[in-house]
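Asker: Just so you know, the sequences run in chain order A and B. Under our numbering, read the first sequence as residues 97 to 296, first letter to last. Under our numbering, read the second sequence as residues 97 to 296, first letter to last.
2 protein chains.
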Amino acid sequence: MKKDLSAEIRFGMTKKRHAETLEKAIREKKADKDFIPLCNFVKKTKNFFTSSCCSGRILLLKLEKGESKKDASFHKKWHNPVKAREVWNELEKKTSGTLWLKMEPLILHIGTNTLENANKLLDAMKQAGVKRGGLIVAKPGKFLFELEGSQRIALPVKQGDKILVEKTYLEFVVKNANEKMGKNRLALKRLEKTLKKVLS
Amino acid sequence: MKKDLSAEIRFGMTKKRHAETLEKAIREKKADKDFIPLCNFVKKTKNFFTSSCCSGRILLLKLEKGESKKDASFHKKWHNPVKAREVWNELEKKTSGTLWLKMEPLILHIGTNTLENANKLLDAMKQAGVKRGGLIVAKPGKFLFELEGSQRIALPVKQGDKILVEKTYLEFVVKNANEKMGKNRLALKRLEKTLKKVLS
Numbered sequence: 097m098k099k100d101l102s103a104e105i106r107f108g109m110t111k112k113r114h115a116e117t118l119e120k121a122i123r124e125k126k127a128d129k130d131f132i133p134l135c136n137f138v139k140k141t142k143n144f145f146t147s148s149c150c151s152g153r154i155l156l157l158k159l160e161k162g163e164s165k166k167d168a169s170f171h172k173k174w175h176n177p178v179k180a181r182e183v184w185n186e187l188e189k190k191t192s193g194t195l196w197l198k199m200e201p202l203i204l205h206i207g208t209n210t211l212e213n214a215n216k217l218l219d220a221m222k223q224a225g226v227k228r229g230g231l232i233v234a235k236p237g238k239f240l241f242e243l244e245g246s247q248r249i250a251l252p253v254k255q256g257d258k259i260l261v262e263k264t265y266l267e268f269v270v271k272n273a274n275e276k277m278g279k280n281r282l283a284l285k286r287l288e289k290t291l292k293k294v295l296s
Numbered sequence: 097m098k099k100d101l102s103a104e105i106r107f108g109m110t111k112k113r114h115a116e117t118l119e120k121a122i123r124e125k126k127a128d129k130d131f132i133p134l135c136n137f138v139k140k141t142k143n144f145f146t147s148s149c150c151s152g153r154i155l156l157l158k159l160e161k162g163e164s165k166k167d168a169s170f171h172k173k174w175h176n177p178v179k180a181r182e183v184w185n186e187l188e189k190k191t192s193g194t195l196w197l198k199m200e201p202l203i204l205h206i207g208t209n210t211l212e213n214a215n216k217l218l219d220a221m222k223q224a225g226v227k228r229g230g231l232i233v234a235k236p237g238k239f240l241f242e243l244e245g246s247q248r249i250a251l252p253v254k255q256g257d258k259i260l261v262e263k264t265y266l267e268f269v270v271k272n273a274n275e276k277m278g279k280n281r282l283a284l285k286r287l288e289k290t291l292k293k294v295l296s
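(1) Give me whichever residues DSSP pairs with residue 194 (chain A) in a beta bridge.
(2) Name the residue from A:289, A:234, A:154 whose alpha carbon lies nearest to the alpha carbon of residue 222 (chain A).
(3) Helix, strand or coil: how does DSSP classify residue 248 (chain B) here?
(4) For the pair the region 173-182 of chain B and the region 141-159 of chain B, tell me if three or more CB-CB distances fall below 8 Å.
(5) If residue 159 (chain A) and residue 194 (chain A) are in contact, beta carbons under 8 Å, what's the gap, nearest whole angstrom?
(6) Give me the residue from A:140, A:133, A:141, A:142 with the minimum Cα distance to residue 149 (chain A).
(7) Where does residue 205 (chain B) fall in DSSP's three states?
(8) Would residue 287 (chain A) and residue 224 (chain A) be called neighbours here (beta carbons separated by less than 8 Å)?
(9) Who are the neighbours of residue 214 (chain B) on chain A, taking C-beta pairs under 7 Å?
(10) Going straight from the alpha carbon of residue 226 (chain A) to that of residue 246 (chain B), what length do you get?
(11) Just mark residue 252 (chain B) as buried or exposed, buried being the case when its beta carbon has 16 or more other beta carbons within 10 Å.
(12) Pick from B:230, B:291, B:207, B:260: whose alpha carbon is nearest that of residue 145 (chain B)?
(13) Ignore the nearest five residues each way along the sequence and tell me which others in residue 172 (chain B)'s own chain have a CB closer than 6 Å to its CB.
(14) Quick check on DSSP: helix, strand or coil for residue 243 (chain B)?
(15) Would you mind sorting residue 249 (chain A) into buried or exposed? The rule is 16 or more other CB atoms within 10 Å of its CB.
(16) Contact check, residue 239 (chain A) vs residue 273 (chain A) under 8 Å by CB: the rounded distance?
(17) Residues of chain A with a CB under 7 Å from the CB of residue 261 (chain B): which are they?
(18) Buried or exposed for residue 242 (chain B), going by 16 or more other Cβ atoms inside 10 Å?
(19) Quick one: give me the first and last residue of the beta strand (DSSP E) that residue 224 (chain A) is part of.
(20) From the DSSP output, which residues share a beta bridge with residue 109 (chain A)?
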């Protein structure tokens, strides 16, 4: 097959740009620590780059009336297991709207250059046992793969001035959220291992 | 471009098989009512078929110790808004393990035959404002698109014999879940309209 040189050059430039963004984030300690080994591995491949990632988080999301996600803002987020005490303290602060406690799973974007390489990403996802993900951009020369874990919690915990849940229940949920963060981390490790095998 | 006739024949057979499955489901009243207009429209196109769909649901999921999804089973599910009373009654029944109350968003799978047509599905998703979805199979002659809404609730409500939440809180959450079912239905209507425009 005849190669489209301009597409190849464009891909090379995009890959380089994302490598620089990653290096800067690592230097400035803004990169997601748990994802660094995976991102660094992908950076070294010829045909793939990571564009964004989050290894999972626990958060308090503030939703104003109507609850459109557009109005949502973070009240607080944690990228590591959190103490129920800390979450409760946040609930006791003055807030407005509805606060949701959420545990969100890992999310990862990987770019590549051909359909064949994009299929390697889909294969890796299946092999690693990750259930949600797919190609969200699939144009000649430009493929973007998105993957998402499946560990989730989402519940309203405060409305206006009123905390909606009891402290013991919040402790139970936070313990569960922390366990899900752990499972999420294991899924990330499995994914890293699989990508190293499939993309090498 | 030279056409791969055998791939075309295979696609035609797959499309026909899914049309028959859909017709049977409608006949036997097993099809998701809210999705029927969309599925019937897709069935009539030349290059697309729906393979599975769910317009969203509220459910009680039972997880045994360890909480792997493999061990999960439905305690009860509702495809329409539900009364908090009904959910509470389910909690009062004898159950084991942990019960999670969940609201899950719409999910849809559409198959097609070429990368170009697969891109129409990605475009429709963006146009309809649906944020999660992508191509989960992308082989020459065989593309499968998966789309998922973003309205979600997930919280533990009972462990062993112990109901973990108060009745008033459950009422608040169920009201919220019902509202999300409504938003979900609107998203489905938007999607249907967009697909009719993009795939015609």
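For every residue, glycine included, the Cβ atom is placed at its ideal position computed from N, Cα and C. Predicted, not measured: the structure shown is a model, and the values here were computed from it.
Answerer: In short:
(1) One-based indexing of the first sequence puts residue 194 (chain A) at position 98. According to DSSP, residue 194 (chain A) bridges with A:159, A:255.
(2) As a working note, residue 222 (chain A) is residue 126 in the first sequence. Taking only the C-alpha atoms, the option nearest residue 222 (chain A) is A:289.
(3) Your numbering for residue 248 (chain B) matches position 152 in the second sequence. Residue state, collapsed to three classes: coil.
(4) yes
(5) Locating residue 159 (chain A) in the first sequence gives position 63, where the first residue counts as 1. Locating residue 194 (chain A) in the first sequence gives position 98, where the first residue counts as 1. Right, the Cβ-Cβ distance comes to about 5 Å (below 8 Å), so this counts as a contact.
(6) Sequence index remark: in the first sequence, residue 149 (chain A) carries index 53 (1-based). Comparing Cα positions, the closest option is A:133.
(7) Position 109 of the second sequence, counting from 1, holds the residue named residue 205 (chain B). Looking at residue 205 (chain B) - three-state DSSP - the assignment turns out to be strand.
(8) If you number the first sequence from 1, residue 287 (chain A) lands on position 191. If you number the first sequence from 1, residue 224 (chain A) lands on position 128. In contact: residue 287 (chain A) and residue 224 (chain A) (Cβ atoms closer than 8 Å).
(9) Working through the second sequence from its first residue, we reach residue 214 (chain B) at position 118. Within 7 Å Cβ-Cβ: 234.
(10) Locating residue 226 (chain A) in the first sequence gives position 130, counting from the first residue. Locating residue 246 (chain B) in the second sequence gives position 150, counting from the first residue. Looking at the two C-alpha atoms, the distance is approximately 18 Å.
(11) Counting from one through the second sequence, the residue named residue 252 (chain B) turns up at place 156. The residue is buried, with at least 16 neighbouring Cβ atoms inside 10 Å.
(12) Your numbering for residue 145 (chain B) matches position 49 in the second sequence. Looking at the Cα atoms, B:207 is the closest of the given residues.
(13) Working through the second sequence from its first residue, we reach residue 172 (chain B) at position 76. Answer for residue 172 (chain B): 156, 186, listed in chain order.
(14) Locating residue 243 (chain B) in the second sequence gives position 147, where the first residue counts as 1. Strand.
(15) Numbered from 1 along the first sequence, position 153 holds the residue referred to as residue 249 (chain A). Classification for residue 249 (chain A): buried.
(16) By one-based count along the first sequence, residue 239 (chain A) stands at place 143. By one-based count along the first sequence, residue 273 (chain A) stands at place 177. Actually they do not touch by this definition, with Cβ atoms about 33 Å apart.
(17) Position 165 of the second sequence holds residue 261 (chain B). Within chain A, the residues near residue 261 (chain B) are 265.
(18) The residue labelled residue 242 (chain B) in the question sits at position 146 within the second sequence. Counting Cβ neighbours within 10 Å, residue 242 (chain B) comes out buried, since at least 16 surround it.
(19) Mapped onto the first sequence, residue 224 (chain A) falls at position 128. That residue, residue 224 (chain A), is in no beta strand (DSSP E); it is neither H nor E in DSSP.
(20) The residue given as residue 109 (chain A) occupies position 13 in the first sequence. Per DSSP, none; premise fails for residue 109 (chain A).
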